[in-house]
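Residue numbers (our numbering): 103 to 452.
In structure tokens, the structure reads:
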């Protein structure tokens, strides 16, 4: 009998192991096990949020005329959504629109139900922070880094669509830094993981079991899921939540101008000595920019030496500034270049 060299035997053994791992269904089963692990990890961290409020209703004159019945002038209205635990002592994240305007908020984790209070809520970013009263030893989620999310990454959503608690759906990241989703032009993660009414405020999770986003809304003309869902990147969620926890509200910078993109046609017609900039369409009366001397019709082409071309970029930059900070704008008025120092104010809540 011919003997094989030990080195060859070792190589053949390694090839056999590789073949086993490459068997049909092996990778799929491994992925399936990962999904199982994610669900087990977070089934006690994703919560059902039930909300109630009293609303006024109009009386029905026909009922009163024919039956002598007066319909109630108020009634209790209910809502629902999803949230996720971020601390052992009961802090929970969700969307602003899930809890806004409601006077009672309850949080359910499996068969346990708690009253919760709204610590703070921010309409602009659609982020709210709740505190479960009397809760201890809860299981917080593990945060990831949303700046590292890439198109094609697996994405898992857990939530309560239509009240069906702890529903688990899977998809991929369809786009990152998606803008045009809201009036603020903020970046969103786009996913085709199924998101429906009731999913709002739930986590979007990567294959490492890390929360990378908070599910916010879907694009749909019917109200049903079409495979286009949007999540707030978790890095922004954490930033807003930290401020809400400390102050109960978000303080933003404000300079008081309305701006529009500067088109090539406007640059050509105005014979402007710049390639990009922003057109000042309006100035708020007694606002910081107006007090500093900026006027409607001016063209702003730089902020603290940084060229400007995107209105949303300027808006986001100013909102991130603390009130009292000074910022210098490079301005063109007619054919004259100006340097204007603006002291940032505090953005009004409304």
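Backbone N, C-alpha and C fix where the C-beta goes; we use that ideal spot for every residue, glycine too. Source: prediction; values computed, not measured.
TODO: Between the Cα of residue 334 and those of 400, 252 and 229, spot the shortest distance and give me the residue it belongs to.
DONE: 229
- Quick one: using the 10 Å Cβ neighbour count with 16 as the cut-off for buried, is residue 178 buried or exposed? exposed
Mark residue 441 as exposed unless 16 or more other C-beta atoms lie within 10 angstroms of its C-beta, in which case mark it buried.
-> exposed
Relative to the alpha-carbon of residue 150, which residue among 217, 416, 296 and 275 has its alpha-carbon at the smallest distance? 217
Next item on the list: Mind reading off the beta-carbon distance from residue 449 to residue 347? Whole number of angstroms is fine, and I expect it under 8 Å.
Entry: Residue 449 to residue 347, Cβ: 20 Å. No contact.
Check the DSSP bridge columns for residue 224 and list the partner residues they point to. 229
Beta-carbon proximity list for residue 210, same chain, < 6 Å, skipping 5 on both sides:
150
Exercise for review: Could you name the residues that DSSP lists as bridge partners for residue 243?
Suggested key: Answer is none; residue 243 lacks a bridge partner.
Q: Can you grab the Cα-Cα spacing for the pair residue 219 / residue 319, in whole Å?
A: 23 Å
- Message: Quick check on the DSSP output: the beta strand (DSSP E) that includes residue 438 runs from which residue to which?
- Response: 438-445
Please return the same chain residues whose Cβ sits closer than 6 Å to the Cβ of residue 152, not counting the five positions on each side in sequence. 182 and 208
Exercise for review: Please state whether DSSP places residue 153 in a helix, a strand or coil.
Suggested key: strand
### Message
According to DSSP, simplified to helix, strand and coil, what is residue 139?
### Response
helix
ask   = How about residue 256 and residue 274: do their beta carbons lie closer than 9 Å?
value = yes
**Report entry** Start-to-end residues for the beta strand (DSSP E) that takes in residue 206
**Finding:** 206-211
* Asked: What separation, rounded to the nearest whole angstrom, lies between the Cα atoms of residue 372 and residue 363?
  -> 14 Å
| request: May I ask you to list the residues that DSSP assigns as paired with residue 158? | output: 176
Q) In whole angstroms, what is the alpha-carbon distance linking residue 434 and residue 398? A) 11 Å
Check your understanding: Can the beta-carbon of residue 431 be found closer than 9 Å to that of residue 404?
Key -> yes
Assign residue 443 to one of two classes, buried (16 or more other C-beta atoms within 10 Å of its C-beta) or exposed (fewer than that). exposed
Practice problem: Measure the CB-CB distance between residue 429 and residue 357 and report whether it falls below 9 Å. | Solution: yes
Worksheet item: Whole-angstrom Cβ separation of residue 455 and residue 245, contact assumed at under 8 Å?
Response: Absent from the structure is residue 455, since the part of the chain shown begins at 103 and ends at 452.
### Task
Would you identify the three-state DSSP class for residue 291, choosing helix, strand or coil?
strand
key: C-beta contact flag for residue 239 and residue 312 at 9 Å   = no
### Query
Can you tell me whether residue 223 is buried or exposed, with buried defined as 16 or more other CB within 10 angstroms of its CB?
buried
Q) Is it right to say residue 213 is buried, meaning 16 or more other beta carbons lie within 10 angstroms of its own, or is it exposed? A) exposed
Requested in this report: Enumerate, from N- to C-terminal direction, the unbroken beta strand (DSSP E) stretches of 3 or more residues contained entirely within the stretch 387-415.
Outcome: 401-405
Q: Keeping to the same chain, check which residues put their C-beta closer than 6 Å to that of residue 420; ignore five residues upstream and five downstream.
A: 355 and 357
Comparing alpha-carbon positions, which option in 374, 140, 427 and 204 lies nearest residue 157?
204
How many Å lie between residue 119 and residue 305 at the Cα? With a pLDDT of 46 at residue 119, under the threshold of 50, the predicted position of this residue should be treated as unreliable, and no value is reported.
If residue 298 and residue 332 are in contact, beta carbons under 8 Å, what's the gap, nearest whole angstrom?
So it is not a contact: roughly 13 Å between Cβ atoms.
Once DSSP output is grouped into helix, strand and coil, what is the label at residue 432? strand
Cβ distance (whole Å) where residue 194 is taken to contact residue 232 below 8 Å:
4 Å
| What number of angstroms, rounded off, separates the C-alpha of residue 361 from the C-alpha of residue 390? | 15 Å
Quiz item: For residue 368, does the three-state DSSP call read helix, strand or coil?
Solution: helix
Q.
Once DSSP output is grouped into helix, strand and coil, what is the label at residue 106?
A. With a pLDDT of only 49 at residue 106, under the threshold of 50, the placement of this residue in the model should not be trusted; the figure read from the coordinates follows. In this structure, residue 106 counts as coil in the three-state DSSP scheme.
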